[in-house]
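This report concerns only the one structure given below.
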Amino acid sequence: MQCEFPDEDIMNLFKEEESGKEKWIMLFDGASNALGHGVGAVLISPEKHHIPITTRLSFNCTNNVAEYEACVLGIQAAIESKAKILEVYGDSALVIHQSQGEWETRDGKLIRYQAFVKELIKQFEEITFHHIPRENNQLADALATLASMFELSNGKDMPLIKIQHRD
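Following numbering that gives the first Met the number 0, the numbering of the sequence shown begins with 0 at its first residue and continues without gaps.
Spelled out as structure tokens, the structure:
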């Protein structure tokens, strides 16, 4: 059986850090479609462990709000992982450029998200934002799309899934 993995070289997208600093990488994406709204992020540790994070949003929103929710989810996961140096990658030019302060934010809903991201980034010694093409963000996109497809029953507990990394 032959398999072709079109994203097998995706990690070549990022340059290697030459100093001894422990750099983390986070990719994020949001999905807003007829089925629902979901967000996905992938946190990559300095040891190259991939930590997928995803959730379905329980409220209606625009795609830009879903993108911000995904970015916030990923940054919060990096903070919880005690990352101090973070490179953020996303295919939403709007979220990336607004988070860097390069683009003005006019939408009232997005102003609150941008302000929250600015507060979160104070937790890092160094954080950078990079826009990438959608085809280079397939894992975060898949997580967000899958999350948008699952129906959740409000008020019901979902079973806990525990994921452990084995060396």
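A virtual CB, placed ideally from N, CA and C, is assigned to each residue, including glycine.
Its chain contains L42, I52 as the residues whose beta carbon lies nearer than 6 Å to that of A76, once the 5 sequence neighbours on both sides are disregarded; these appear in chain order.
The Cβ-Cβ distance between V71 and T54 does not fall below 7 Å. Just measuring C-alpha positions, the residue of K108, S98, P132 sitting nearest K117 is S98. For H48, the secondary structure class from DSSP, reduced to helix, strand or coil, is coil. Membership of N32 in the beta strand (DSSP E) is indicated by the continuous run 22-32. With distances taken between CA atoms, T61 lies nearest to L93 out of L93, L26, H130, G73.
Between the stretch 106-126 and the stretch 27-35 there are fewer than three C-beta pairs closer than 8 Å, too few to call the two in contact. For T144, the uninterrupted alpha helix (DSSP H) segment begins and ends at 137-148.
Per DSSP, the beta-bridge partners of H129 are Y88.
In the three-state reduction of the DSSP assignment, A40 falls in the strand class.
A direct Cα-Cα distance of roughly 11 Å separates I78 from E124. The C-alpha of N63 is placed about 30 Å away from the C-alpha of K161.
Going by beta carbons, E86 and T127 fall inside the 7 Å limit. Collapsing the DSSP output to three states places G100 in coil. S80 and R165 have their alpha carbons spaced roughly 18 Å apart.
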